[in-house]
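K.L.:
Going by mature numbering (1 follows the signal peptide of the UniProt record, and there is no 0), the letters in the sequence shown line up with residues -18 to -1, 1 to 395, in that order.
Ideal Cβ positions, reconstructed from N, Cα and C, are used throughout, including at glycine.
Got a structure for you, written out below as structure tokens; questions coming shortly.
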Amino acid sequence: MRWVALALLVGVVGVVAGIPYVHNVDSGEGEVWAVLILHQHGVADDHIIVMMYDDIANSKENPHPGQIINRPGGPNVYPGVPKDYTGANVNLDNFLKVLKGDSEGLKGVGSGKVLKSGPNDRVFINLVDHGAPGLFALIGDILTTTNLTDAILSMHHNKQYKELTLYVESCESGSLFQKLPHDINVYAVSASNATESSYACYFEAELKTFLGDVFSIKWMEDTDRENVAKETLKKQYHVVESETKTSHVLQWGQISIDTEKVGAFVGSYKTGGDGGDKSSITSPDVPLALIQTHIQDSQGLIGSTFWHQEMDELKKNRTFVRDTMQKIIQQVTRDTEVTTRLMTDHHNVIFNHECYESSVMTFHNLCFNLGHNPYALRVVYALVNLCEHGYTAQEFTCSARAVCDFEPVIGIN
């Protein structure tokens, strides 16, 4: 028996100043493409679990209703995609229940499907969305390093797998695995290291959006192209690592598992694929690039003025997020020089997970919901610095309560 779980690959329709535009659909198309790959390699739907926000195909911003393409000029890959959990059901609680096989806890929720794997099964998990140090974002929710590690340890304790492989596409995705043990038969590959962005690619001119992320595109193209009954995870890693020029693709956990065949996790039928667009852009810059495309393509003074205003609004909102974090840090440190250092250093490894994750949840709950304000993920690195310099989560909470006295906001991309 082979179980394959495709979870938390979320497509998002973002809103800037009340104007909807397709943003970060790259994660949605990537998810659908991954399902297509599994189908082509002989994995049946009853062995695939899909969690997707599912707001792309039928979005009013989609010029081709009911369709999703996975590459410029590509075919509609949406029909036949199983959707076990969609919309508000794509949340942390449900994801953890799926992983732990808690069918009782998911009765009446989505398809109710959970991982029913055992000690002889190989499990593949693919996560794609926004990220930050030690965090993976969901819609209105966040998965922390501790959440993920505890869930994997529970799966190991309950003998839910023989070997478990995770591929994760998000900014700072390497930081999710810094606590991952090396002796529990878990192998992970991250799109980036613990401090850098992942990158979007496959720009589609008509849709004015990016259809994929570089790391995901590379491993899926390789899986399409190669005979995965013979190709090892190690070979695929080296191919993807060498072709991903925009970030550092890394291996984590029990690296010896990379001698296993790719097909042991994604099915073994051989298929054929084609190459992809080499252009790419850092994921946090995608909203800016999309509006810039509208500015370049706008006709007449009214259209140009409108999109310039949208750009100004986006930059103003981003400045608001960054200034808010800086004000909180300043209240904690009472030292402008220290505050500047904590706001500019991006290279601290997380050691004090308890302080960091508690501070993140405070920022998430009191200031900016990290699932609804993707740009806010770009400033939480300052909380790593704060905790690693000896400040406490309690100090941060007190300051955040004083600074974040504004009404809740959403859609800061």
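(1) Going straight from the alpha carbon of Asn299 to that of Ala114, what length do you get?
(2) Distance check for Val362 and Gln313, CA to CA, integer angstroms please.
(3) Quick one: what's Arg104 bridged to in DSSP?
(4) What's the gap between the Cα of residue 404 and the Cα of Phe159?
(5) Using a Cβ-Cβ cutoff of less than 8 Å, which residues in the same chain neighbour Leu74 once the five nearest sequence positions on both sides are dropped?
(6) What residues are listed by DSSP as bridge partners for Gly245?
(7) State buried or exposed for Phe333, treating a residue as buried only when at least 16 other CB atoms are found within 10 Å of its CB.
(8) If you scan the region 161 to 238 from start to end, which runs of the alpha helix (DSSP H) of 4 or more residues do you find wholly inside it?
(9) Can you tell me whether Ile26 is helix, strand or coil according to DSSP?
(10) Quick check on Lys212: buried or exposed, where buried means 16 or more other Cβ atoms within 10 Å of its Cβ?
(11) Could you spell out the range, first to last residue, of the alpha helix (DSSP H) harbouring Asp123?
(12) On the three-state DSSP scale, how would you describe Phe118?
(13) Mind checking whether Val168 and Ile199 have CB atoms under 8 Å apart?
(14) Which residue wins for smallest C-alpha separation from Gln278, given the options Trp289, Lys243, Pro269?
(15) Is the number of C-beta pairs between the region 33 to 52 and the region 164 to 180 that are closer than 8 Å three or more?
(16) Can you check the region 62 to 98 for any alpha helix (DSSP H) of at least 4 residues that lies completely inside it and give the ranges in chain order?
(17) If we ignore side chains and look at the alpha-carbon of each, how far apart do Pro45 and Val14 end up?
P.N.:
So, from the listed chains and residues:
(1) 19 Å
(2) Per the coordinates, the alpha-carbon of Gln313 lies some 16 Å from the alpha-carbon of Val362.
(3) The partner list for Arg104 (beta bridge, DSSP) reads Glu145.
(4) In the structure displayed, the chain extends from -18 to 395; residue 404 sits before or after that span and is not available.
(5) Leu120, Asp123, Ile124, Leu125, Asn129
(6) For Gly245, which the question treats as bridged, DSSP gives no partner whatsoever.
(7) Its Cβ having fewer than 16 others within 10 Å, Phe333 is exposed.
(8) 196 to 207, 215 to 225
(9) Looking at the sequence shown, residue 26 is not Ile but Ala. Coil at Ala26, not helix or strand.
(10) exposed
(11) That residue, Asp123, is in no alpha helix (DSSP H); its beta strand (DSSP E) goes 123 to 126.
(12) It is a strand residue.
(13) Contact: no.
(14) Trp289
(15) no
(16) List check, alpha helix (DSSP H) in window: 74 to 82.
(17) Their Cα atoms are separated by approximately 18 Å.
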